[in-house]
Amino acid sequence: MSWHVLGAGSLGTLWATRLARVGLPVRLILRDRQRLTAFAQAGGLTLVEQGQVQRHAIGAELADAETPIQRLLLACKAYDAEAAILEVLPRLQPDAEILLLQNGLGSQDAVARHLPTQRCLFLSSTEGAFRQADFQVVFAGAGHTWLGDPQDASPPACLADLQAADIPHQWSPDILGRLWRKLALNCALNPLTVLHDCRNGGLHEHADEVAGLCQELSELLQQCGQAAAAEQLHEEVLRVIDATAANYSSMHQDVTQGRRTEISYLLGYACTAARQQDLHLPRLEALLQRLRAHLAKRGLPLD
Ligand code: NAD
Ligand code: KPL
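For reference, each letter of the sequence shown is one residue, going 114 to 416 in this note's numbering.
Next comes the structure, spelled out in structure tokens:
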């Protein structure tokens, strides 16, 4: 069965090249004719892994091509996901599998609302990749990807391809818990690294702020029916700060490089969920306001 990968960015390229190199049929869906031309000129996708450079000649097309889509990896940012799925909607087979590789929460439901019969799989990944040039990606951090379906616990057929392609993964019966936990980690760390302009390790200087946020995030998780995701949150946040002390968080990197953040699907989502639960979380709310003010000063989108 053919894979379509929408989004030839960091993770889309990492996935497309690993699937293609074991002989699985993969086609990329690119934004427009200009991107198709640039892709043809680049001669395919290049993956740099442990210093080895490999180029893969993968087929590419536009969203309005005519072939049906049976298996789609949606590998764009959370804020692009809903618009992207609408572009390929007419091509999706009624029993298609759609893998949603977005960070945070909110975009998955926005996509799933358009797909009454297709199966939406939610993914959470700790793999790391970045673009070093157009259509050239560096696999920067080994990690793991969890997949799950909040509506249906039975494992999907696509797992066999992930196995064949050596993509470290696990079928998760509680993918929402996993996404909530990662969202909470992100909320406790990433905005503060932006506001204090520091690496993750620099948050040791702001231990009280981190502790206060973890307290409120735990309350939120419990109130949202995610008690397991709330367990030992503060301890894990401190562990992540130590383990990634020398790194800049993804949000810090986005802001310093003038890129739009995924704030609405992370801290914004958390604050909206709290309000819906009538939960007063002043530290999280204040953090959101400070972060928005910071983005506004830099001319970056507030959502
Ligand atoms: P990216 O910005 O590198 O790639 C996204 C790509 O999607 C871009 O090339 C963009 O042009 C393309 N795109 C968007 N809308 C499109 C459309 N309608 N048609 C065609 N192409 C379209 O993003 P990324 O870093 O790969 O991140 C994807 C998701 O994975 C994000 O939610 C991110 O937070 C998450 N994530 C990334 C990493 C990482 O290391 N990069 C790690 C874990 C999670
Ligand atoms: O996920 C992260 C990110 O940078 O987005 C962690 C590892 C939690 C660091 O903030």
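Note that beta-carbon positions come from the ideal geometry of N, C-alpha and C, so glycine has one too.
| Query | Result |
| --- | --- |
| Compute the minimum distance between the beta carbon of residue 357 and the heavy atoms of the ligand KPL, and state whether it is under 6 Å. | yes |
| Using alpha carbons as the reference points, say which of 319, 409, 339, 259 lies closest to residue 234. | 259 |
| Give the secondary structure of residue 363 by DSSP, where H, G and I count as helix, E and B as strand, and everything else as coil. | helix |
| Let me check understanding here. Comparing Cα to Cα, which of 149, 156, 227, 192 lies closest to residue 209? | 227 |
| Using a Cβ-Cβ cut-off of 7 Å (strictly less than) and excluding sequence neighbours within five positions of residue 398, which residues of its own chain qualify? | 384 |
| Tell me, please, which residues DSSP counts as bridged to residue 300. | Bridge partners of residue 300: none, in fact. |
| Name the one or two DSSP bridge partners that residue 285 has. | Note: residue 285 sits in no beta bridge, so no partner. |
| Per DSSP, which one or two residues make a beta bridge with residue 251? | 161, 243 |
| Could you give the distance in angstroms between the alpha-carbon of residue 288 and the alpha-carbon of residue 151? | 37 Å |
| Does the beta carbon of residue 103 fall short of 6 Å from some heavy atom of the ligand NAD? | Only positions 114 to 416 of the chain appear in this structure, which leaves residue 103 out of reach. |
| Provide the residue span of the alpha helix (DSSP H) that contains residue 337, from first to last. | Run containing residue 337: none; DSSP gives neither H nor E here. |
| Inspect the CB distances between the region 284-298 and the region 335-355 and report whether three or more fall short of 8 Å. | yes |
| By Cβ distance, which residues of its chain are closer than 6 Å to residue 206, with the 5 residues on each side in sequence left out? | 181, 183 |
| Under 6 Å: does the beta carbon of residue 250 sit that close to some heavy atom of the ligand KPL? | no |
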